[in-house]
Amino acid sequence: MSDESAPPEVPAHAPTAQDVADLPEILMADQAAWLLRLTIGQLEAAAKRGEIPAGKVGRSRRYSKTALINLVRGDQG
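The opening position of the sequence shown corresponds to residue 10 in the working numbering, with each subsequent residue numbered one higher.
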């Protein structure tokens with residue numbers, strides 16, 4: 010029996026275009042860190058400093074895939 014609420018595993022390789030397309034719009038920390046090639050600690054520290062956009066759900070942060078891609082591209086959108 011699979012747990013449908015469990016987040017998908019992040020691959021061990023660098024993200025491909027298909028990997029990015031397959032990610033949900035709202036990312037958990039491990040998914041966002043993998044996408045940006047950061048450690049979870051680096052990601053969370055940058056989010057705390059306001060350098061990476063994130064929303065809080067309870068005590069954990071969630072990240073918008075679109076916002077992260079725009080950040081990397083340099084879009085201010």
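Beta carbons: idealized from backbone N, C-alpha and C, even for Gly.
| Query | Result |
| --- | --- |
| Of the residues P20, E18, A21 and A38, the one placed nearest G66, counting alpha carbons only | Checking the sequence shown, residue 66 turns out to be Val, not Gly. It is A38 whose Cα lies nearest to the Cα of V66. |
| Per-residue burial, R70 [other beta carbons within 10 Å of its own, 16 or more giving buried] | buried |
| Beta-carbon separation (whole angstroms), A42 vs L52, contact threshold 8 Å | 4 Å |
| Sequence-distant residues of its chain with Cβ nearer than 6 Å to K74 (five each side left out) | L32, E34 and L36 |
| Nearest-angstrom Cα separation, counted from E18 out to N79 | 23 Å |
| Inside the region 22 to 77 only - beta strand (DSSP E) runs reaching at least 3 residues | 64 to 66 and 69 to 73 |
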